[in-house]
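S.K.: Mind having a look at this structure? Questions to follow.
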Ligand code: HMG
Ligand code: MG
């Protein structure tokens, strides 16, 4: 299999990123951040989540953020929802794209959404058909696709089983998440070898705890995957996955894709403006050597 000629990047920084930072940002800042991301040419942006604000206080007011952003035509602005309450909030806010999430690990699923894997799938079954009937796009995440912070390594067959159930319950796209960023390329290839999800519907979602995310993305590209989740400036983590660091930085992925001659459609300079903006708001340092080099290069005359 040769690598794809075109890749869709799914920017998860405003959701996966901001949910795990120590600073909580007000809606106005999040709106400006997303508007900047929209100008970079990204075609899919996860705006926030309709989850319990007691569980994830950082993403409270996602309704205000969703209402406040300027929606560029052709961009998929999605909201993460864990249950029917979240779906109903999505409907009230006229959201056109949602993402549900479960896990391949029973313990993680319970700690993350207070439900078993089977219960979560049943809950999704209560609203995904309605969502689809209304023309709402549905993405499904499988967390712990390589390993679980509580149960250790997870066999690919367990991941495939949950991914297929998500597809059968009506998801348009399935994202396999290395939630704690422990995977290496051979494990990723092993995971993808007998993957039952059609390639045009399959995404990968790598956290970068051990600096393996870019290598893992390359391994996934070699297996024909053409949808990649990432977070500008490597924001992120999961509050219910101890030790999980940020997602792979979008700018680093873009550098890789450009080098491989793969079309990604993103204006790097504009993307880095949003990275600078959010880093300043969060008082954080530039996450990776690649990101630092790119920002220096973009600033030089
Ligand atoms: P629960 O306590 O079992 O919920 O939590 P409940 O149904 O018993 O309700 C308790 C209260 O929450 C009630 O309010 C509900 O109305 C409210 P009260 O009557 O006490 O005032 N509630 C809600 N409020 C807002 N939005 C909702 C909602 N649902 C109930 N949707 C629940 C269950 C799912 C709500 C909770 O566990 C939760 O919010 N979990 C979210 C966890 C989360 O967001 N984790 C991070 C995202 S996943 C991730 O990062 C992984 C990913 O990136 C992929 C990867 O890296 O692998 C996607
Ligand atoms: Mg994640």
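In this note's numbering, the protein residues as written are 58 to 358.
Beta carbons: idealized from backbone N, C-alpha and C, even for Gly.
Just so it is clear, the structure is predicted and the values come from calculations on it, not from any experiment.
Assign residue 235 to buried or exposed, taking buried as 16 or more other Cβ atoms, counted over all protein chains shown, within 10 Å of its Cβ.
M.R.: buried
S.K.: Assuming contact is defined by CB atoms lying nearer than 8 Å, are residue 280 and residue 246 in contact in what I supplied?
M.R.: For residue 280 and residue 246, yes; Cβs fall inside 8 Å.
S.K.: Looking only at its chain, what residues have a beta carbon closer than 8 Å to the beta carbon of residue 124, apart from the 5 residues adjacent to it on each side?
M.R.: 150
S.K.: Taking 7 Å as the line, does the beta carbon of residue 76 fall inside it for any heavy atom of the ligand HMG?
M.R.: yes
S.K.: For residue 118, does the three-state DSSP call read helix, strand or coil?
M.R.: Shown here, residue 118 sits in coil according to DSSP, grouped into three states, outside any helix or strand.
S.K.: Check whether the Cβ of residue 336 lies closer than 7 Å to any heavy atom of the ligand HMG, and answer yes or no.
M.R.: no
S.K.: According to DSSP, which residues form a beta bridge with residue 157?
M.R.: According to DSSP, residue 157 bridges with 197.
S.K.: Say yes only if the C-beta of residue 217 is nearer than 7 Å to one or more non-hydrogen atoms of the ligand MG, and no if none qualify.
M.R.: no
S.K.: At a cut-off of 7 Å, is residue 273 close to the ligand MG when judged by its beta-carbon and the heavy atoms of the ligand?
M.R.: The beta carbon of residue 273 sits no closer than 7 Å to any heavy atom of the ligand MG.
S.K.: Check whether the Cβ atoms of residue 208 and residue 241 lie closer than 8 Å to each other.
M.R.: no
S.K.: I think residue 348 touches residue 324, with their Cβ atoms under 8 Å apart; what is that distance to the nearest whole Å?
M.R.: With a Cβ gap of about 16 Å, residue 348 and residue 324 do not count as contacting.
S.K.: Relative to the ligand MG, is the shortest distance from any of its heavy atoms to the C-beta of residue 264 smaller than 7 Å?
M.R.: yes
S.K.: Could you tell me if the beta carbon of residue 207 falls within a distance shorter than 7 Å of some heavy atom in the ligand NAD?
M.R.: Although the ligand NAD was asked about, the structure shown includes only the ligand HMG and the ligand MG as ligands.
S.K.: Taking the alpha helix (DSSP H) that residue 263 belongs to, which residues open and close that run?
M.R.: From DSSP, residue 263 is part of no alpha helix (DSSP H) but of the beta strand (DSSP E) over 259 to 263.
S.K.: Looking at the strands, I want to know which residues DSSP matches up with residue 204.
M.R.: As DSSP reads the structure, residue 204 sits in a beta bridge with 210.
S.K.: Runs of 4 residues minimum, wholly inside the segment 147 to 191: which ones carry the alpha helix (DSSP H) assignment?
M.R.: 163 to 170, 174 to 182 and 185 to 190
S.K.: Roughly how far, in whole angstroms, is the beta-carbon of residue 122 from the beta-carbon of residue 88, given that I think they are within contact range, below 8 Å?
M.R.: 6 Å
S.K.: Below 7 Å CB to CB, which residues in the same chain sit around residue 174 once its five sequence neighbours on both sides are set aside?
M.R.: 159, 160, 163, 166 and 219
S.K.: By Cβ distance, which residues of its chain are closer than 8 Å to residue 95, with the 5 residues on each side in sequence left out?
M.R.: Taken in chain order, the residues that qualify are 102, 126, 127, 128, 129 and 132.
S.K.: For residue 113, verify whether its CB is less than 7 Å away from any heavy atom of the ligand HMG.
M.R.: yes
S.K.: At a cut-off of 7 Å, is residue 159 close to the ligand MG when judged by its beta-carbon and the heavy atoms of the ligand?
M.R.: Checking every heavy atom of the ligand MG against the Cβ of residue 159, none is found closer than 7 Å.
S.K.: Which residue wins for smallest C-alpha separation from residue 188, given the options 155, 168 and 213?
M.R.: 155
S.K.: Out of curiosity, what's the CA-to-CA distance linking residue 355 and residue 326?
M.R.: 6 Å
S.K.: For residue 137, verify whether its CB is less than 7 Å away from any heavy atom of the ligand HMG.
M.R.: The answer is yes for residue 137.
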